[in-house]
Every structure is written in C-alpha cells, then in structure tokens.
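*Asks:*
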Amino acid sequence: RHRAPPGAHARVPTRRSRARRGAAAAAMALGKRAEEDLEKKRVPIRVTFMGPGEAGKTSLINVLVSNHFQEKYPTTENLELYYMPFECLTEEGSSYKFRTLLEIEDTPPFENMDETMLANLFDPFWPKPEELLMKNPAKDVVDPSTGKVQKSVNLPFSMTKPPVGRFNDEDADVKNGECPLSPHLYFCSRPDWRDRVCGPKKEGKHFQCRSCQRFQSSLQASGEYRPMVRRRMIYFFVYDANDEKSYFKVHEMYRVFREVCEKKRLQQWPLLYFIGNKIDVNPEKDTFKGIQSHVKEWARTEVESGRRVGTEMVSASRNKFLKRVITSALQDVKTREPLWKMNAEGAQVSLLSDKGCCVQ
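Here it is in structure tokens:
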C-alpha cells in the first residue's frame with residue numbers, strides 16, 4: 230500500500246476531479262472518432278491564386294495539377310477553375326490524413342483588374358451573396374403531379390460538363406429575353422414579393438430580379454462562372470522573387486484585401502500566403518536576397534500585430550517546395566473549421582465521400 234511521505238498530505242481523488250478526468254478521456258475519444266470519420270471523406274477546399282502579370286500563377290497551378298511546366302503561357306484573361314485531389318497529414322506527427330478536393334482559382338493579372346473586380350475576388354463568397362450561400366442547398370424533390378424526380382442545380386454535376394448558363398443561384402431556369410429592348414439580358418419569368426414578373430417588356434422598362442442580375446454579372450466569355458465550393462478559403466499572392474515591382478504590387482493587393490475584409494466585417498478571414506516564385510532564376514542576386522529578407526521581416530511584424538500572413542519561396546520550373554506550401558496551407562485551414570465545416574446555423578456541411586458525391 231502506498232503511503233505519503235512524512236509531512237505530506239495524501240491526495241484523495243474527489244468526485245469533481247474524477248469527473249474532469251472522465252470528461253477529458255471522453256473528449257479524446259470523441260476527437261479520435263471525429264478524425265477517423267473525417268479521414269473517410271474528401272473536403273472541398275478553394276484556393277485562389279492572385280498576383281501581377283508574369284509572376285507565374287498559371288505555371289504554378291499547372292505544375293501542381295498536371296506536373297507539367299511550360300515556359301510560356303498566354304496572359305490569363307478570365308477566371309478559370311482547376312480541380313485535383315490532394316491529401317496530407319492533419320498535422321505533423323499525426324497518423325490521420327486530411328483528404329481534400331482542391332478547387333484552384335486562377336485569376337487575371339492584378340494590373341488588368343479594376344477596383345470592382347478586385348473587390349469581388351476579395352469577397353470570399355462572390356459571385357453569390359453570403360446570405361444565399363449559407364442556406365442549406367436545394368435537394369432533389371418528387372413532383373406530386375407527375376411522380377418524377379426534379380433535379381436541383383445545386384446538386385453535384387460532372388466537372389467536364391457543368392451546367393453553364395441555364396440556372397440562376399435560386400435554382401430557377403433562366404432564358405434569354407429575345408426582346409429588341411433587351412437582347413442580351415436573361416430572365417427567369419418568376420414573380421418577386423411585389424408580384425413583379427422577371428421578364429422583358431415590349432414597351433416600357435423591363436424588370437430583372439436580383440438573382441438574374443447576379444447571373445448576368447457573373448457571365449464570362451466562357452459562360453457562367455459558378456465555382457463548386459461555397460467560399461474562398463486560401464489566397465496565394467504570387468510574385469516574382471527577382472522583381473521589386475512585382476513584389477510591391479503584391480503589397481498593394483494586400484492593402485486592398487484588408488480594406489475589403491474589414492469593410493465586410495468577416496467573422497472568419499481567409500488564410501493568406503505570400504508566394505515568391507522563380508527562386509531558381511538568380512538566387513545570388515542582391516534583388517532576390519533583399520526581397521527574401523524583407524518579406525520575412527514584414528511577415529514577422531504582421532504576426533506581432535495580430536495579422537498572420539504566411540510566406541514561402543517556390544520554383545515552378547523546378548517544382549520545388551510547392552507541395553510543401555499546399556500541405557502547410559491545408560494543415561492551417563484544417564484548424565479553422567468554420568471556414569470549411571460549419572454553416573451559419575452551426576450544422577455540419579456535406580462533404581465529398583467515397584460513396585456519395587455531396588458538396589458543400
């Protein structure tokens with residue numbers, strides 16, 4: 230029998246301490262079970278690449294997605310989406326994997342975008358409003374009159390043939406006005422709360438509901454821009470690590486980014502990383518060393534001010550350190566569950582699984 234040393238008081242476990250230990254053990258078991266359940270699913274994550282021209286955004290994306298580097302690319306003129314599966318450990322030393330489906334967003338050069346386009350891209354929820362995105366998505370329903378299943382546009386679709394230019398964000402069928410006064414406008418022919426029908430008029434001013442207005446503004450040269458994932462979660466600000474002008478433009482982007490996020494009063498800011506590309510060009514040059522030193526010192530001061538910004542140097546042509554950057558970003562976003570796991574009401578969103586293909 231164990232006895233306490235002379236002068237010491239034996240510590241007898243109390244009911245409260247036993248309850249605390251039991252709660253801690255239950256929490257650990259619950260956390261382990263949650264990690265096991267999460268490992269069976271694939272989480273959709275959106276990563277947005279932005280930066281000045283000639284920084285190598287598209288090159289980085291193509292190396293990441295297809296493991297192919299091309300010396301020259303035409304200037305990106307429209308928003309483009311790429312998809313790839315990616316998995317990593319949930320944290321260093323963990324045995325659990327964080328399996329994701331990356332939705333990678335490529336953007337035009339910073340200098341080619343106006344203030345409106347920048348504000349849209351820095352809005353994590355654009356092209357849809359936050360209020361609409363946080364609602365539970367529509368599901369398949371059975372038409373009681375015919376007994377047939379009506380498919381919802383919000384349900385998963387083939388990535389090779391997405392529904393382009395057919396529905397607005399309220400799941401209403403959209404058609405061209407085909408009217409001399411509005412030949413390029415789209416309408417859904419539904420009444421609003423004031424009984425105004427969304428449609429063209431032969432005489433007088435036409436009426437277009439807000440959902441069709443959003444549909445109209447989201448049209449691109451390649452069709453309707455409709456990302457699969459609800460919001461932007463990770464931003465990569467890419468710059469040429471050998472060009473001071475490119476580096477300064479990224480800082481200007483960061484200033485606008487902060488202004489937009491502060492104006493919107495976001496509860497959860499997206500994660501942000503400064504990515505210096507082309508480190509293989511001339512690493513011994515004073516310009517490269519100066520930029521490398523400055524970005525580290527600047528990131529440290531931002532962290533001290535309570536604004537965390539990640540930094541990394543990579544090479545698209547040599548495929549160096551890019552997967553390490555993605556892994557680090559995913560491990561960071563894994564700890565920010567409200568960015569990818571919860572909706573406004575606090576319910577868990579649907580994730581991609583091996584058996585079902587449900588998205589956020």
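Residues 230 to 589, numbered by the numbering used here, are exactly what the sequence shown covers, in order.
C-beta atoms are modelled at their ideal positions from N, C-alpha and C, and glycine is treated no differently.
Thinking just about the alpha-carbon of each residue, which of Ser323, Val554, Leu310 is nearest to the one in tyrosine 454?
*Replies:* Leu310
*Asks:* Can you give me the C-alpha to C-alpha distance between tyrosine 483 and cysteine 490, rounded to a whole angstrom?
*Replies:* 11 Å
*Asks:* In whole angstroms, what is the alpha-carbon distance linking proline 353 and arginine 461?
*Replies:* 5 Å
*Asks:* Could you please give the first and the last residue of the uninterrupted beta strand (DSSP E) stretch that includes threonine 540?
*Replies:* 539-542
*Asks:* For the stretch 256-336, list the alpha helix (DSSP H) runs that are entirely contained and at least 4 residues long, ordered along the chain.
*Replies:* 286-295
*Asks:* Under three-state DSSP, which class holds lysine 474?
*Replies:* Note: lysine 474 maps to helix in three-state DSSP.
*Asks:* I'd like to confirm the pairing. Which residues does DSSP put opposite phenylalanine 396 in its beta bridges?
*Replies:* Asp402
*Asks:* So, are the CB atoms of phenylalanine 315 and alanine 545 less than 7 Å apart?
*Replies:* Contact annotation: phenylalanine 315 and alanine 545 have beta-carbon atoms that are not nearer than 7 Å.
*Asks:* Look at the alpha carbon of alanine 348 and the alpha carbon of phenylalanine 486, and state the distance between them as a whole number of angstroms.
*Replies:* Using only the alpha carbons, I get a separation of about 8 Å.
*Asks:* From what residue to what residue does the beta strand (DSSP E) around leucine 568 run?
*Replies:* Not the beta strand (DSSP E): leucine 568 falls in the alpha helix (DSSP H), residues 566-569.
*Asks:* Going by Cα to Cα distance, which pick from Ser534, Gln521, Ile508 is closest to phenylalanine 550?
*Replies:* Ile508
*Asks:* How would you call lysine 563, buried or exposed, if buried means at least 16 neighbouring beta carbons within 10 angstroms?
*Replies:* Buried, since its Cβ has 16 or more Cβ neighbours within 10 Å.
*Asks:* What beta strand (DSSP E) runs, 3 residues minimum, are completely inside the stretch 478-561?
*Replies:* If you keep only unbroken beta strand (DSSP E) runs of at least 3 residues inside the stretch 478-561, you get 500-506, 539-542.
*Asks:* What number of angstroms, rounded off, separates the C-alpha of isoleucine 290 from the C-alpha of aspartate 421?
*Replies:* 42 Å
*Asks:* Could you check whether the Cβ of leucine 559 sits closer than 6 Å to any heavy atom belonging to the ligand NAP?
*Replies:* Judged by which ligands are present, the structure shown has none, so any question about the ligand NAP falls away.
*Asks:* Leaving aside the five residues before and after glutamate 283 along the sequence, list all residues of the same chain whose C-beta is less than 6 Å from its C-beta, in chain order.
*Replies:* none
*Asks:* Can you check whether the CB of tyrosine 476 is closer than 7 Å to the CB of tyrosine 468?
*Replies:* yes
*Asks:* Ignore the nearest five residues each way along the sequence and tell me which others in aspartate 561's own chain have a CB closer than 7 Å to its CB.
*Replies:* Leu500
*Asks:* Since phenylalanine 444 is in the beta strand (DSSP E), which residue starts that stretch and which ends it?
*Replies:* From DSSP, phenylalanine 444 is part of no beta strand (DSSP E) but of the alpha helix (DSSP H) over 439-446.
*Asks:* Spatial neighbours of lysine 357 within its chain, please: CB distance less than 6 Å, with the 5 preceding and 5 following residues excluded, ordered by chain position.
*Replies:* Asp398
*Asks:* To the nearest angstrom, how far is it from the Cα of serine 440 to the Cα of lysine 518?
*Replies:* 50 Å
*Asks:* Could you compute how far the alpha carbon of leucine 293 sits from the alpha carbon of phenylalanine 444?
*Replies:* 31 Å
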